[in-house]
Each structure stands twice: as structure tokens, then as C-alpha cells.
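Counting from 21, one number per residue, gives the positions in the sequence shown under this note's numbering.
Please read the structure below before turning to the comments.
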Amino acid sequence: MSASYHQFCPVAKAMELLDERWTLLIVRELVSGSCRFNDLRRGLPRMSPTLLSKRLQQLAAAGVVERRPGDGEVRYGLTPAGQELRPIVEAVGAWGIRWIGEIGDADLDPKLLLWDMRRNIDHAAVPPGRTVVAVTFPDVRAPHPRAWWLVIAGGEADVCDEDPGHEVTVSLTAELRALVQVWRGDRSWTETLRSGQLRVHGPEAVRRTLPGWFTLSVFASVPRPPASVSA
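This is the structure in C-alpha cells:
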């Protein structure tokens, strides 16, 4: 835990745990359904495994996270105390999307975007069988790959940064910032298609239904303040 604020205020005591770097984002991942160490890493791609392990230990010691051994693999879950952080995480996210509108180039991460898309799929809307969405970001530079594949089958989905070798159902070519803005609810799918910053290749029926396969970010529906108020 971080150094004590030496205040009896419960806000100060809570922040001694929660204002450690990455800590609340780990809680965000657990709230979003990640439970395995590797899944947590994929949701926090710029966090080192060593630091992730340390933060999980701190959260477990504080009674926020519990380790659940089973099937040869440790899983992590929120305790009742951790579950009480869900509305706090949601409120912070809603506040952030309303009032922190600026996104720097360094904030754009294709791995995080595809991982979040993967866990916000409406599987009932996806065609039966195996569906493969190929996504290309021509403007992305190393160390991030430009090409990604989202493989959806049997109510499950996975993200690949190497060609999985399956037939592609539909292909997206997009500017990374533009697709992030669509995902966040900052602009519409139709508007981005018209701008040419997003292009879809595949059968017409698939192109027409594709937007409905994804429920967008949980914060996409948060009302934004009027431009004059935001400024």
C-alpha cells in the first residue's frame, strides 16, 4: 500500500489502497469479468507481470480480492468488499468520459481496444458457427501489430495478433483513433464510415448487421455535457 496520509478520514484511508498506480484499473478488469492472470494482463497490456502480481497480493491482503485455485489454474475474484467498488469504478468512468475528453496518441492501444470489443459482444447477434473479424489499422506503428483477428464461436471470443488461419467473415480497415471514438460513443459508426476513416469489406448482409454484434463500451451511452459547458 502507498504511504499513509495520516488522516482518520475514510476517504484518505481508502485512497491509501486505491491510489496506488494501476490498482483501480485491476479492479476495473475484475469488475469487467476477467478472472485469470493472463486475462488481466491483456486488459492491462502496459503493466508488467511482476507489478500485476504485487498489486493482486496487496488487494488480497486488504480483503478486496480473493484467489480461487482450481483446475490447475488460479483464478481471481472480488470479495464482497471488492464488489462494493463496482459502482465507484462505474462512476469514475462515467465522470471521465463526460469531463476528460482529450485522448493523446499514447493513449491509443489496439490491443486494449480489441480486448474490450471481445468482451462486449452480443453473441446472439453474431452469425452461427465460427465468425472471424479481421481488423487492420494502417496508421499503427511498431511495437503494435497493424493486423488483428477477432475469432467468435460457441459463445466465446478470442483476440489474435497473428493470423489464426480461419476464413475471414468480414474485414475492417480503420484509423485507430476513429475506431476508439466509435467504441467510446464519441461518434457514430455511420458518421465514421462516411468519413472514410472506417471501411468494411464483406458480404452486404454481414456489413449491415456488423455494428449490432458489439454493445460498445459500457460508457458509450453516458450523456456528454453541452460543448459550451465542457469548454
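Idealized CB from N, CA, C, for every residue including glycine.
DSSP bridge partner residues for residue i (one or two, in chain order)
{"i": "H221", "result": "S191"}
{"i": "D178", "result": "V171"}
{"i": "E86", "result": "G97"}
{"i": "V153", "result": "L170, V190"}
{"i": "F234", "result": "I141"}
{"i": "R266", "result": "The chain is shown from 21 up to 251; residue 266 falls before or after that span and cannot be answered."}
Cβ neighbours of residue i in the same chain (closer than 6 Å, five flanking residues each side left out)
{"i": "P30", "result": "none"}
{"i": "V153", "result": "L170, V190"}
{"i": "I46", "result": "R75"}
{"i": "L44", "result": "L38"}
{"i": "H164", "result": "P130"}
Residue i, enclosing alpha helix (DSSP H) - first and last residue
{"i": "L213", "result": "209-215"}
{"i": "S35", "result": "According to the sequence shown, residue 35 is Met rather than Ser. 30-38 is the extent of the alpha helix (DSSP H) around M35."}
{"i": "P107", "result": "106-119"}
{"i": "S73", "result": "69-81"}
{"i": "V202", "result": "196-204"}
{"i": "L44", "result": "43-51"}
Buried/exposed call for residue i, threshold 16 Cβ in 10 Å
{"i": "F28", "result": "exposed"}
{"i": "E211", "result": "exposed"}
{"i": "D39", "result": "exposed"}
{"i": "A144", "result": "exposed"}
{"i": "T151", "result": "buried"}
{"i": "R48", "result": "buried"}
{"i": "W233", "result": "buried"}
{"i": "P177", "result": "Reading the sequence as shown, one finds Ala at residue 177 and not Pro. Its Cβ being crowded by 16 or more others within 10 Å, A177 is buried."}
{"i": "I141", "result": "buried"}
{"i": "S24", "result": "exposed"}
{"i": "S68", "result": "exposed"}
{"i": "G124", "result": "exposed"}
Close Cβ partners of residue i (< 7 Å) along its chain, the five nearest in sequence each way excluded
{"i": "A251", "result": "Here A251 scores only 49 on pLDDT, less than 50, and its place in the model is too uncertain to base an answer on."}
{"i": "S54", "result": "L60, G63"}
{"i": "H186", "result": "R150, V152, V171"}
{"i": "A32", "result": "Y25"}
{"i": "L230", "result": "V190, V220"}
Original post:
Any contact of the region 86-100 with the region 111-118, i.e. 3+ C-beta pairs under 8 Å?
Top reply: no
Subject >> the region 214-229 / the region 131-139 touching (three or more Cβ pairs under 8 Å) >> reply: no
Original post:
Does the region 200-211 come close enough to the region 83-90 to have 3 or more Cβ pairs within less than 8 Å?
Top reply: no
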